[in-house]
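Chemist:
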Amino acid sequence: MIKTLKAQYKHHHLILAGILLLTFILRFPSLFEPFWYGDEGIFAAVARNLNLGGTLYATAWDNKPPMIYLTYAAIFKFFGVSMFWLHLTAAVTILATAVMIYEIAQGLLGEKRALIATAVFGILTSLRLIEGNLALTEIFMILPISAAILIAVKRKFDFISLFAAGFLFAIASLYKQVGAFEAAALGIFLFLYIKNFKDFILRGIILSIGFAVLYAPTVLYFYSKHLLSDYIFAAYTYYRIYLGESPKYAQLITVLKFTPILAAICYGGFKKFKEK
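Taken in order, the sequence shown gives residues 11 to 286; the numbers are from the numbering used here.
(1) I need the boundaries of the alpha helix (DSSP H) containing V229, first residue and last residue.
(2) Along the chain, where does the alpha helix (DSSP H) that runs through T107 open and close?
(3) Do T65 and K186 have their CB atoms nearer than 8 Å?
(4) I need the DSSP call for A195, collapsed to helix, strand or coil.
(5) So what does DSSP say about A68, is it helix, strand or coil?
(6) Rounded to whole angstroms, what is the Cα-Cα separation between K164 and A194?
(7) Run the proximity test for Y203: is its beta-carbon closer than 7 Å to any non-hydrogen atom belonging to the ligand NAD?
(8) Alpha helix (DSSP H) containing I78: first to last residue?
(9) Could you spell out the range, first to last residue, of the alpha helix (DSSP H) harbouring G63?
(10) What do you reckon, are the CB atoms on S183 and A190 nearer than 8 Å?
(11) Between R213, E148 and Y241, which lies nearest to Y225 when the distance is taken from Cα to Cα?
(12) Taking the straight line between their C-alpha atoms, what separation do you get for G63 and V91?
(13) Can you tell me the Cα-Cα spacing of V56 and F199, whole angstroms?
(14) Could you pull the start and end residues of the alpha helix (DSSP H) that F169 belongs to?
(15) By the 10 Å Cβ neighbour count, where 16 or more other Cβ atoms means buried, how is R213 classified, buried or exposed?
(16) What span of residues does the alpha helix (DSSP H) with P154 cover, start to end?
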């Protein structure tokens, strides 16, 4: 019995290793690409300005929250201005996220479904067709989101895990605005999952505090630089203007960004029904 379980454990992890290897192979050609994609070029230009002593939203401006520029700036500072290191960091981020998705799905869905979910994720996020091979905000956003869910699930939504999840969701939303919707999705799931309403309120407050711990210093930093309005416009207000220029695209994005909330409602409702 024990030998059989050990054999299955090794078998599943060999398959996982194969999935991770395939994911890396799909991303490998991107390590040798030149700077050619517009968004990456803008992120790189802003990051270069920051490394030369510039100030975000003052001496360099783009319509994204600050984390993507800080990430590019850190990569360039430590490894030099190089597409190789930029895309290698993106590849490592995807591989780490894939492992977390496997761990989450394994606990919720079982080994086989976890492997399928990991394979689908690894392949889709590495396809040139949907720009998965690029070092964009979405690639870096999903790592803290996955880490938040993994910690919360493994610790069964205790106070420490929810505080950590809130903090990680804040990091995600500082890469891309829609990361905040993942925090809302977890909040809705907690509402459906936790039987005691007071307990739900307390956990919701802990989650919110974790989120605010990172957001408050961010707001205070730009306020101290007299750039708060510039930060809000660049990171949030302009996003609505951008989507308004393409109404059909905006409708699709609106539907997609509420998908995590819908998924949380469905899964939370299923768990509640199953318990009855």
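In this text, a Cβ means the ideal position worked out from N, Cα and C, and glycines have one as well.
All values derive from a computational prediction rather than experimental measurement.
Modeler: In short, the structure shows the following:
(1) Position 219 of the sequence shown, counted from the first residue, corresponds to residue 229. Residues F207 to S234.
(2) Taking the first residue of the sequence shown as position 1, residue 107 is located at position 97. Here the alpha helix (DSSP H) through T107 covers M93 to L119.
(3) Counting from one through the sequence shown, the residue named residue 65 turns up at place 55. Counting from one through the sequence shown, the residue named residue 186 turns up at place 176. The answer is no: Cβ separation not under 8 Å.
(4) Here residue 195 refers to the residue found at position 185 of the sequence shown. Of the three classes helix, strand and coil, the one that applies to A195 here is helix, per DSSP.
(5) Residue mapping note: residue 68 aligns to position 58 of the sequence shown, counting from 1. Reduced to three states, the DSSP call for A68 is coil.
(6) Position 154 of the sequence shown, counted from the first residue, corresponds to residue 164. Position 184 of the sequence shown, counted from the first residue, corresponds to residue 194. Spanning the two alpha carbons is a distance of roughly 19 Å.
(7) Only the bare structure without any ligand can be found here, which leaves the ligand NAD out of the picture.
(8) Within the sequence shown, numbered from 1, the residue matching residue 78 stands at position 68. Unbroken alpha helix (DSSP H) run through I78: M77 to F89.
(9) What you label residue 63 is simply residue 53 of the sequence shown in a count that begins at 1. From DSSP, G63 is part of no alpha helix (DSSP H); its letter is neither H nor E.
(10) Walking along the sequence shown from the start, residue 183 turns up at place 173. Walking along the sequence shown from the start, residue 190 turns up at place 180. In contact: S183 and A190 (Cβ atoms closer than 8 Å).
(11) Numbered from 1 along the sequence shown, position 215 holds the residue referred to as residue 225. It is Y241 whose Cα lies nearest to the Cα of Y225.
(12) Looking up residue 63 in the sequence shown gives position 53. Looking up residue 91 in the sequence shown gives position 81. About 16 Å.
(13) Your numbering for residue 56 matches position 46 in the sequence shown. Your numbering for residue 199 matches position 189 in the sequence shown. Each residue's Cα considered, the two are about 38 Å apart.
(14) Reading the sequence shown from its first residue, position 159 is the one you call residue 169. That run of the alpha helix (DSSP H) goes F169 to S183.
(15) Taking the sequence shown and counting its residues from 1, one reaches residue 213 at position 203. R213 should be labelled buried.
(16) Against the sequence shown, residue 154 aligns to sequence position 144. From DSSP, the alpha helix (DSSP H) with P154 extends over T147 to K164.
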